[in-house]
Amino acid sequence: AQKVTQAQTEISVVEKEDVTLDCVYETRDTTYYLFWYKQPPSGELVFLIRRNSFDEQNEISGRYSWNFQKSTSSFNFTITASQVVDSAVYFCALSNLNRDDKIIFGKGTRLHILP
Amino acid sequence: EPEVTQTPSHQVTQMGQEVILRCVPISNHLYFYWYRQILGQKVEFLVSFYNNEISEKSEIFDDQFSVERPDGSNFTLKIRSTKLEDSAMYFCASSPGQGKGYGYTFGSGTRLTVV
Numbered sequence: 001a002q003k004v005t006q007a008q009t010e011i012s013v014v015e016k017e018d019v020t021l022d023c024v025y026e027t028r029d030t031t032y033y034l035f036w037y038k039q040p041p042s043g044e045l046v047f048l049i050r051r052n053s054f055d056e057q058n059e060i061s062g063r064y065s066w067n068f069q070k071s072t073s074s075f076n077f078t079i080t081a082s083q084v085v086d087s088a089v090y091f092c093a094l095s096n097l098n099r100d101d102k103i104i105f106g107k108g109t110r111l112h113i114l115p
Numbered sequence: 001e002p003e004v005t006q007t008p009s010h011q012v013t014q015m016g017q018e019v020i021l022r023c024v025p026i027s028n029h030l031y032f033y034w035y036r037q038i039l040g041q042k043v044e045f046l047v048s049f050y051n052n053e054i055s056e057k058s059e060i061f062d063d064q065f066s067v068e069r070p071d072g073s074n075f076t077l078k079i080r081s082t083k084l085e086d087s088a089m090y091f092c093a094s095s096p097g098q099g100k101g102y103g104y105t106f107g108s109g110t111r112l113t114v115v
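One line per chain: the protein sequences are A and B, in this order. Going by the working numbering, 56 is the number at position 56 of the first sequence; the sequence numbering is gapless. Going by the working numbering, 2 is the number at position 2 of the second sequence; the sequence numbering is gapless.
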């Protein structure tokens, strides 16, 4: 069975602080894909990143970075120098997209960036 | 950039009424999906659709739900007799069917309120 756990339900940090959102996943598949989505108050799902299971390189995109550790089944997301506009719910997700499979979402972490 | 379009953005319906949520997937995509998000909860897979038939459905997708691709461009989710607990955000998604997760795209959602 596939499962994604985001243990942090809600986080509040002061603007300009760094914050890390944790994600732990379970799957029996050897090939899988991991995602992060942002859901702002307006409700849409904003795609942030897709990572396949063969690529353990960390990725940085501006203030965002992701740390994929296959050994611990984790795919953590760090926002550096947080801004108020980063306030949103962030979902980690998992899929075996070689079968064009469904995406399994975690419960999300609600991030509050305080001015 | 190609988009998945969902209409309406908001729908209010009375309990027991039938409702149809509409989606226009990206034109060259082959796989279509519906997901549901009850307010404050995680995004949950409902159903996937390929080659004019359901390829997978979740436990949530019971007999009151149906999907259809009536005219080669639209993809619809019908709820036959709505219940209060059907109130949720419904997301449509489509993918090109080449695996690897490229192009998997969500619409901006339809917020359904059952009163």
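Note that beta-carbon positions come from the ideal geometry of N, C-alpha and C, so glycine has one too.
Local Cβ density within 10 Å of residue i, reported as buried at 16 or more and exposed below that
{"i": "H10 of chain B", "result": "exposed"}
{"i": "S95 of chain B", "result": "buried"}
{"i": "R63 of chain A", "result": "exposed"}
{"i": "G16 of chain B", "result": "exposed"}
{"i": "N28 of chain B", "result": "exposed"}
{"i": "I54 of chain B", "result": "exposed"}
{"i": "P25 of chain B", "result": "buried"}
{"i": "Q69 of chain A", "result": "exposed"}
{"i": "F47 of chain A", "result": "exposed"}
Proximal residues of chain B, C-beta to C-beta of residue i below 7 angstroms
{"i": "F105 of chain A", "result": "K42 and V43"}
{"i": "G108 of chain A", "result": "K42"}
{"i": "K102 of chain A", "result": "Y33, F45, S48 and E56"}
Under 9 angstroms by beta carbon: chain B residues contacting residue i
{"i": "F91 of chain A", "result": "K42 and V43"}
Simplified DSSP assignment, three categories, for residue i
{"i": "E85 of chain B", "result": "helix"}
{"i": "S82 of chain A", "result": "coil"}
{"i": "T72 of chain A", "result": "helix"}
{"i": "L45 of chain A", "result": "coil"}
{"i": "L30 of chain B", "result": "coil"}
{"i": "L21 of chain B", "result": "strand"}
{"i": "L34 of chain A", "result": "strand"}
{"i": "L97 of chain A", "result": "helix"}
Identity of the residue in the options nearest residue i by Cα
{"i": "Q6 of chain A", "options": "A:D18, A:F35 and A:N96", "result": "A:F35"}
{"i": "E15 of chain A", "options": "A:L111, A:N96, A:V84 and A:S73", "result": "A:V84"}
{"i": "V19 of chain A", "options": "A:V89, A:F77 and A:N96", "result": "A:F77"}
{"i": "P8 of chain B", "options": "B:V47, B:Y90, B:E56 and B:E59", "result": "B:Y90"}
{"i": "E44 of chain B", "options": "B:D86, B:S73, B:V114 and B:D63", "result": "B:D86"}
Contact list for residue i against chain A, beta-carbon separation under 8 angstroms
{"i": "G109 of chain B", "result": "G43, E44 and L45"}
Heavy atom of the ligand FMN within 7 angstroms of residue i beta-carbon
{"i": "F77 of chain A", "result": "In the structure on display, the ligand FMN does not appear, and there are no ligands present to speak of."}
According to a CB-to-CB cut-off of less than 7 angstroms, which residues of the region 14-43 of chain A neighbour chain B?
-> Y33 and G43
Selection of the region 49-72 of chain B by Cβ proximity to chain A, strictly under 7 angstroms = E56
Below 7 angstroms between beta carbons is the criterion; list the residues of the region 77-95 of chain B that meet it against any residue of chain A, in chain order.
-> M89, F91 and S95
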